[in-house]
Structure formats: structure tokens, C-alpha cells
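S.K.: Residues are numbered in our numbering as their position in the sequence shown, beginning at 1, plus a constant of 50. The C-beta atom is built at its ideal place from N, Cα and C for all residues, glycine as well. Given the structure is predicted, the values throughout are model-derived calculations rather than measurements.
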Amino acid sequence: LKAVTVPSLAEAKREGRKLTMLTAYDAGFARVMDGEGVDLILVGDSLGMVVQGEGNTLSVTVDDIAYHTACVARAATRALIVSDLPFQADASPDRALDASVKFLQSGAGMVKLEGAGHKLEVIRYLSEREIPVCAHLGLTPQSVLRFGGFKVQGRGEAAADKLLREAQEVEAAGAALLVLEGVPAPVAARITKSAGIPTIGIGAGADCDGQVLVLHDMLGLDSGHRRPRFVKDFLADGGSVAGAIAAYCAAVREGRFPAEEHTYAS
Ligand code: KIV
Ligand code: NA
51 LKAVTVPSLA EAKREGRKLT MLTAYDAGFA RVMDGEGVDL ILVGDSLGMV VQGEGNTLSV
111 TVDDIAYHTA CVARAATRAL IVSDLPFQAD ASPDRALDAS VKFLQSGAGM VKLEGAGHKL
171 EVIRYLSERE IPVCAHLGLT PQSVLRFGGF KVQGRGEAAA DKLLREAQEV EAAGAALLVL
231 EGVPAPVAAR ITKSAGIPTI GIGAGADCDG QVLVLHDMLG LDSGHRRPRF VKDFLADGGS
291 VAGAIAAYCA AVREGRFPAE EHTYAS
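#1: Could you tell me the alpha carbon to alpha carbon distance between HIS118 and VAL229, rounded to whole angstroms?
#2: Does LEU154 come out as helix, strand or coil in the three-state DSSP assignment?
#3: Enumerated in chain order, which unbroken segments of the alpha helix (DSSP H) with a length of 4 residues or greater are wholly contained in the region 144-223?
#4: Classify LEU228 as helix, strand or coil using the three-state DSSP reduction.
#5: Note down the Cα distance separating GLU304 from SER156, rounded to an integer number of angstroms.
#6: In the structure shown, what three-state DSSP assignment does LEU97 receive?
#7: Under 9 Å, Cβ to Cβ, is there at least one residue of chain B near ALA222?
#8: Starting from GLY246, trace the alpha helix (DSSP H) both ways and give me its first and last residue.
#9: With distances taken between CB atoms, is the gap from SER177 to ALA141 smaller than 9 Å?
#10: Just to confirm the assignment: which complete alpha helix (DSSP H) runs, minimum length 4, are found wholly within the region 103-142?
#11: Tell me the rounded alpha-carbon separation between PRO57 and GLY260.
#12: In the DSSP assignment, the alpha helix (DSSP H) including GLY78 goes from what residue to what residue?
#13: Measure the alpha-carbon distance for HIS186 versus GLU171 and round it to whole angstroms.
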């Protein structure tokens, strides 16, 4: 299998090949994912919850993400590594640039940041400086205090239109990839159809150009929180960690995951 590059993501969308993404935070799991052909490994700030045991992602630091990116990068040779800019590391273009350089020097091939609005300037700043950016819209976990919890976004016509507009804005600002989290499937489908860049869904229906799940969720680990609707335990049928990851990749590529039961209606 050829190494996954930024241009190859757009190529996959054009050719209708679904992209597979999972989070990893260490070399052990990253090695298995790489071996099973996972296209993108996300060093997500979800590590605050699933690794550090916090109730949200707000306490994760740039050094945390850099450390875990280096751990993952030592084991992943084919997958493209995407590292999350943690809470407020993207508050200004300069801060975002400093953090992103650390991540790329630790082995990431792309950085991810949440939101549009004032973040559009940050996306543009990074993209113009040769740092590939993945945008992240919808249920953005770093907005948990404003949302008052982890709540589905983009419900109703006005909210859906706003999300569609934001998707166009992040693409115009230079984002090469777009994660859509916790949005009604028809809204994500509309965005995916109109976007020139690939969309990766989590709780966003089967019509996205790819899917992502948090590693611990897809292995059925109890997080201590209510399990969201979009989570599926692939270890139950997969039989082993490698089997679970292989089953996830196959289900995403064949359009069998997510199913109706994992998606939100408008
Ligand atoms: O941090 C993370 O794991 C994420 C995914 C849920 C998209 O941002
Ligand atoms: Na994240």
C-alpha cells in the first residue's frame, strides 16, 4: 500500500473511495492500524478523556499532543497522522503556527482545529505556510461550555444553513479535509456533496467521504460516560484488536458503517 498523502485524500473523494480514520495515542495501536491499512490516524485531544480521564478535552496541552504524536509516528509508516490543536492553541495564528510546527516536527502530516469564524484566519495562515489543515465542524467538543454539553448541532434549517456556509468558508480558507461531528445525516450529506474537500464523519451519517471513531469507543471500552449513538463496538465481532480494526475498515469502505441506528435525523 502506498503512503497516504494530502493530495491522495482529494483523489479518494474524486474516485469515490471511502477514507478510514481512527484515533491513536501510542505506538502499539498505531502499528496495528498502519498494518490494517487505516488511512488516517488522529492524535485527538479526545486523549484528555480516554487516556487522561478528564470529563472533557479542555485540559489537553500542546506538549501532550506533541508527545503522543511522536509516539504514534514511530510506528505509523503508511497512514497520514493528523494532530489536534488543543483548546486555545489556535486562539491566534502565531500560537497555532508554533504548535503546528511542533506537531509536524513530531511526525504529523496535518493539523486539525475546531470551528470557523475567527478560526478562518488561522486556517488561512497555516495553509499559506505549508501546514495542511483539517477543519472540524458541528459538535466541536472544545465548545462544550457554550453548548452546555455534547449536543448534536445543525438541527433545523437555520442551523443547517449555517453549517453549510461554515463548510464553504473553511474550504475557501485552505482546509484540505473536514471532520463533521454530531450532525444530522442529511446535513452532512448536503455538505459532502457540495464540498470540494473530503468530509470525515463521526455521528454524521454514511454519506460522508470517510469515517472516524475514537479507538477506545470502537473497542467497546467503558468510558465512564454515556455511550453516544454513533459508537459501535467492533471488538465484539472482530475477535482481536487487529480484527476489530480490520472489520471497521471493511465496514466503512463497503458503506456498512455507520448504519441507520448510528445516525441522527434532522
Ligand atoms: O479528538 C478526537 O478524537 C476528535 C475526533 C472525535 C474527531 O477530534
Ligand atoms: Na479532537
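M.R.: Straight from the coordinates:
#1: 20 Å
#2: helix
#3: Correct list: 169-178, 194-197, 207-223.
#4: strand
#5: Pairing GLU304 with SER156, the inter-Cα distance amounts to about 33 Å.
#6: helix
#7: The displayed structure is made up of one protein chain only, and chain B is not part of it.
#8: Premise fails: GLY246 is in no alpha helix (DSSP H) and is neither H nor E.
#9: no
#10: 112-123
#11: 15 Å
#12: 77-85
#13: 15 Å
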